[in-house]
Every structure is written in structure tokens, then in C-alpha cells.
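**Student:**
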Amino acid sequence: MMKIATWNVNSLRVRLPQVLDWLGQERPDVLALQETKVSDADFPEKSLQAAGYHVLYSGQPAYNGVALLSLVPPTEVQIGLPGLDDPQRRFLAASYAAPDLPGGAIRVVNLYVPNGQEVGGEKYVYKLHWLSLLTDWLREELSPRACPGTPSLVMLGDYNIAPEDRDVHDPVAWRGSVAVSEPERAAFQGLLGLGLADAFRLFEQEPRSFSWWDYRSVAFRRNLGLRIDHILVSRPLVDCCVACRIDKGPRALPRPSDHAPVVTELSRNRDSATAD
DNA sequence: ATGGTGGTCCTACCA
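Heads up: take any position in the first sequence, counting from 1, add 959, and you land on our numbering.
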């Protein structure tokens, strides 16, 4: 069984004790972090390595930043969306040995999709452009080249898109807003159209399941949130996906991130997952 | 009620 998770931590330095606690409790094989908000020189490499994890990171001061933590060493590291010369650190991909999964390896793509700020604004245009380049890149990545068959790929992170109205606490109030607008949702559907599945929706879930709650207006206590953090899996992994859940625990801690971790479990044979 | 909170870095900007 392989456990893979994503968590927008909104500053890794502030959240490091929570991340270390959570790694100890959950022991994910791979954890993708977003909004690390730390330059590479200041990345807290040693304490994460002491917890047993290999680390990859692409950061910058104050904004953005992505990292991958893993129990086994990474290979084929890709920093930044290929073809986009961008100072904003939002994309990090690596491959990991996964003897239990089709192909014997898994490609993990960690995304911090631009927020977009306001529909129609400059940052919104950048968001849609970024998603368009991501889609072009993914199309190539999923097409079988030298290796036969579709690769085992997980693309996860903070997409800053709530794909459907059921992913929004108040769809009427949010209609047309950033994270919910039709062009953003169309871009998300475009990614699914290339052969990915939203792991969370492979399973029955509680209504009003969200992964982000605004810090303001005691939104978490009132469960006024959005589901914008996603784990998408390629076709060969759909049959391996045995669970996907949002862990609201860390969001309830003092001084939390505004996002909760999302976790999936993958196993070659669904039926053997519980016996594993 | 057109606000509110939080992180970064120290003044606004971003989410």
C-alpha cells in the first residue's frame, strides 16, 4: 500500500511542528507541500530528513513554493512547468519506485495553481494561461512514448478550483467568483479529459466536504469552505485507488494552515488493501 | 455589515 498526500501549509516554517507531527502519525510515502513560503537556502531540510524523509523543494522568499517529501529517494526531478520561464515556484515533479503499482514506479506532480485573485484581472489571465500550459504538458506526459502503456501518475496539490457546486459551501454566493468560474472549471475538466480521475470522487463522501476554509468569520467552525485541493490519478491507478479522504484534524489545531491535508491510498489489488 | 484573519517582511501584497 502506498499513501500519498497533499497539504498547502501556508508557510512551512510556521507549520513545521504540525507537519512533523502529521508525518509521524500518518507516515505517508509521499507528501506534497504547497505555499512553503521559504527560500531554498532556508528550507528546513534537516528536521524533515531526521523524520526519515527525502526532500525536494523549489521555493522563493515570502510567496508560493512547493516541496516533495518521500520515504524512498526521488528520480527524474522536474522543477518548474516545462516551457514556462516563471519566477513563481509552483511546479515540482519526481518519480518514485512503487513495486506494488503498475509499471513499478509512480510519477508525482505537485502543483500550486495560481489563485487568480479576481475574475478578469491580470492574475486570473495568468492562472488560465498557466492551466493551459499545464494541460499541454500533461497531454505529452500521459502519451505512451518509449514505455508501453499509460504511466502511473498522480497530479496533486492546491488547484485553487472548486470543480462542482457540491465543492462550494454556498454556490449561489460564489457563482462566477474566482475558483468557481466556468473557465477555471473547464480547465479542470480538461485535465480530467486527458484521462485523470478525481480520487476523492471515486468514493462515497460526506456532503459538504471541503479542504480550505477562510481564516475569517470563523469559517472552519461553521464549515464554510471550498474543496480546492485535489489528487488526480491516471487510468492505471484508478483501479489501485482504495481510499481518499480529507484530514480535517490539522485545520482544527491552534495556529493552523487554512487548508487541510488530502490523502489517498493506492494498492495494486483493491481487495488486498485491508489485509496488507 | 463590502468587513473579517493570517503570513511575509516592515509596507503593502497575497491569499
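We treat Cβ as the ideally placed atom computed from N, Cα and C, and that holds for glycine. Fair warning: this is a prediction, and the values are worked out from it, not measured in the lab.
Candidates 1033, 1037, 998 and 966: which alpha carbon is nearest residue 1012's?
**Tutor:** Here the closest residue by C-alpha is 1033.
**Student:** Residues bridged to residue 1034 by DSSP?
**Tutor:** Bridge partners of residue 1034: 1054.
**Student:** Give the straight-line distance between the Cα atoms of residue 1042 and residue 1181, rounded to the nearest whole angstrom.
**Tutor:** So the two alpha carbons sit approximately 42 Å from each other.
**Student:** When you compare only the Cα positions, how much space is there between residue 1070 and residue 995?
**Tutor:** C-alpha separation (whole angstroms): 12 Å.
**Student:** Could you give the C-beta distance for residue 1142 and residue 1087, rounded to a whole number, given that I count them as a contact under 8 Å?
**Tutor:** The pair is a contact, with the Cβ atoms about 6 Å apart (cut-off 8 Å).
**Student:** At the level of alpha carbons, what is the spacing between residue 1046 and residue 1170?
**Tutor:** Answer to the nearest angstrom: the Cα atoms are 27 Å apart.
**Student:** Only counting the same chain, and skipping five residues up and downstream in sequence, which positions put a Cβ closer than 7 Å to that of residue 909?
**Tutor:** The question about residue 909 has no answer here: the residues shown for the chain are numbered 960 through 1235.
**Student:** Just the Cα atoms here: how many angstroms apart are residue 1163 and residue 1037?
**Tutor:** If you take the alpha carbons of residue 1163 and residue 1037, they lie about 34 Å apart.
**Student:** Where does the unbroken alpha helix (DSSP H) through residue 1067 begin, and where does it stop?
**Tutor:** First-last for residue 1067: 1064-1071, but that is the beta strand (DSSP E), not the alpha helix (DSSP H).
**Student:** In this structure, how does DSSP classify residue 1109 when only helix, strand and coil are distinguished?
**Tutor:** If DSSP states are grouped into helix, strand and coil, residue 1109 belongs with coil.
**Student:** Around the C-beta of residue 1021, are 16 or more other C-beta atoms found within 10 angstroms, so that it is buried, or is it exposed?
**Tutor:** So residue 1021 ends up on the exposed side.
**Student:** How would you label residue 1235, buried or exposed, when you count the other beta carbons within 10 angstroms and need 16 or more for buried?
**Tutor:** For residue 1235, the predicted model reports a pLDDT of 43, less than 50, meaning its position is unreliable; a value from the coordinates is still stated below. The residue in question, residue 1235, is exposed, as its Cβ has fewer than 16 Cβ neighbours within 10 Å.
**Student:** Please state if the CB of residue 1184 and the CB of residue 1218 are separated by a distance shorter than 7 Å.
**Tutor:** Result no, Cβ atoms of residue 1218 and residue 1184 do not sit closer than 7 Å.
**Student:** Report the CB separation of residue 1150 from residue 1097 in whole angstroms; it is logged as a contact under 8 Å.
**Tutor:** Confirmed, Cβ separation roughly 6 Å.
**Student:** Let me confirm a value: residue 993 is counted as buried when at least 16 other C-beta atoms fall within 10 Å, else exposed. Which label applies?
**Tutor:** Its Cβ being crowded by 16 or more others within 10 Å, residue 993 is buried.
**Student:** Tell me which residue opens and which closes the beta strand (DSSP E) that residue 993 is part of.
**Tutor:** It spans 989-993 - the beta strand (DSSP E) in which residue 993 sits, taken as one unbroken run.
**Student:** Which of the three DSSP states is assigned to residue 960 in this structure?
**Tutor:** Residue state, collapsed to three classes: coil.
**Student:** Going by DSSP, which residues form a beta bridge with residue 1013?
**Tutor:** The partner list for residue 1013 (beta bridge, DSSP) reads 1029.
**Student:** What are the boundary residues of the beta strand (DSSP E) that includes residue 1188?
**Tutor:** 1188-1193 is the extent of the beta strand (DSSP E) around residue 1188.
**Student:** What does the alpha-carbon distance come out to for the pair residue 1212 and residue 961?
**Tutor:** Cα-Cα distance, rounded: 26 Å.
**Student:** Give me the Cβ distance between residue 967 and residue 1188, rounded to the nearest whole Å; I'm assuming they're in contact under 8 Å.
**Tutor:** Between residue 1188 and residue 967 the Cβ distance is about 6 Å, and since that is below 8 Å, they are a contact.
**Student:** Looking at residue 1147: is its Cβ nearer than 7 Å to the Cβ of residue 1120?
**Tutor:** Cβ atoms of residue 1147 and residue 1120: closer than 7 Å.
**Student:** Keeping to the same chain, check which residues put their C-beta closer than 6 Å to that of residue 1247; ignore five residues upstream and five downstream.
**Tutor:** Shown here, the chain extends from 960 to 1235; a query on residue 1247 therefore has no answer.
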